[in-house]
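*Asks:*
Residue numbers (this note's numbering): -3 to 191.
(1) Could you give the uninterrupted runs of the alpha helix (DSSP H) lying entirely in the region 50 to 119, keeping only those of 4 residues or more?
(2) Could you say which of 106, 105, 68, 147 lies nearest to residue 122 if we only look at CA atoms?
(3) Give me the Cα-Cα distance between residue 186 and residue 79, rounded to the nearest whole angstrom.
(4) Alpha carbons only, please: which of 83, 66, 92, 162 is nearest the one belonging to residue 42?
(5) Using the DSSP secondary-structure output, state which residues sit across from residue 174 in a beta bridge.
(6) Give me, in chain order, the residues of the same chain whose beta-carbon lies closer than 6 Å to that of residue 140; leave out the 5 immediate sequence neighbours on both sides.
(7) Starting from the Cα of residue 154, find the closest Cα among 51, 111, 95 and give me that residue.
(8) Helix, strand or coil for residue 126? Go by DSSP, reduced to three states.
(9) Measuring only the C-alpha atoms, how far is residue 189 from residue 105?
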């Protein structure tokens, strides 16, 4: 059996931390008082930067960027498909998607504002009802009646759930509100007369 032993004197590089000099030839450590520093490190916390693909209760909403523990990501979020590791390409893709959504929201709002302007410039929508005593009419004017008149006059489809109409039981002029967008409401006049 062959055994090999290495001695400190056979090493070709010895550095003294106290003086900063590097010695290439073999030296005795006792002659040059070398100081060796040993640095202790904390255990590194392993976290992952992720983006949520769907809402996760008590963690965050879809599209949110988070730092989570590596084990939580590896054992729960990844297998269930609820999250994905953040990459530069993914961040760029998210920004483009957000810009597209914002542009779409702006376009929808502008269309609603234009439609509101059209409704408000039309004047009054006229509704005929069978008359009773004085100003009384038979029945009431409903949101569906107004939607039908708008469809006939302007060829525009409006959902009757968007129409806020006061209770109309007699002839006269009323104001109805059409909620075309969360930030856009059109006020239209409705004239009710008896025939």
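Ideal Cβ placement from N, Cα and C applies to all residues, glycine included.
*Replies:* Taking the definition as stated:
(1) The DSSP assignment places 84 to 117 as complete runs of the alpha helix (DSSP H) inside the region 50 to 119, in order along the chain (cut-off: 4 residues).
(2) Residue 147 holds the alpha-carbon nearest to the alpha-carbon of residue 122 among 106, 105, 68, 147.
(3) Looking at the two C-alpha atoms, the distance is approximately 52 Å.
(4) It is 66.
(5) 159, 182.
(6) Here the set comprises 156.
(7) Checking every option, the nearest Cα to that of residue 154 belongs to 111.
(8) Residue 126: coil per DSSP, three-state reduction.
(9) Distance between the alpha carbons of residue 189 and residue 105: 34 Å.
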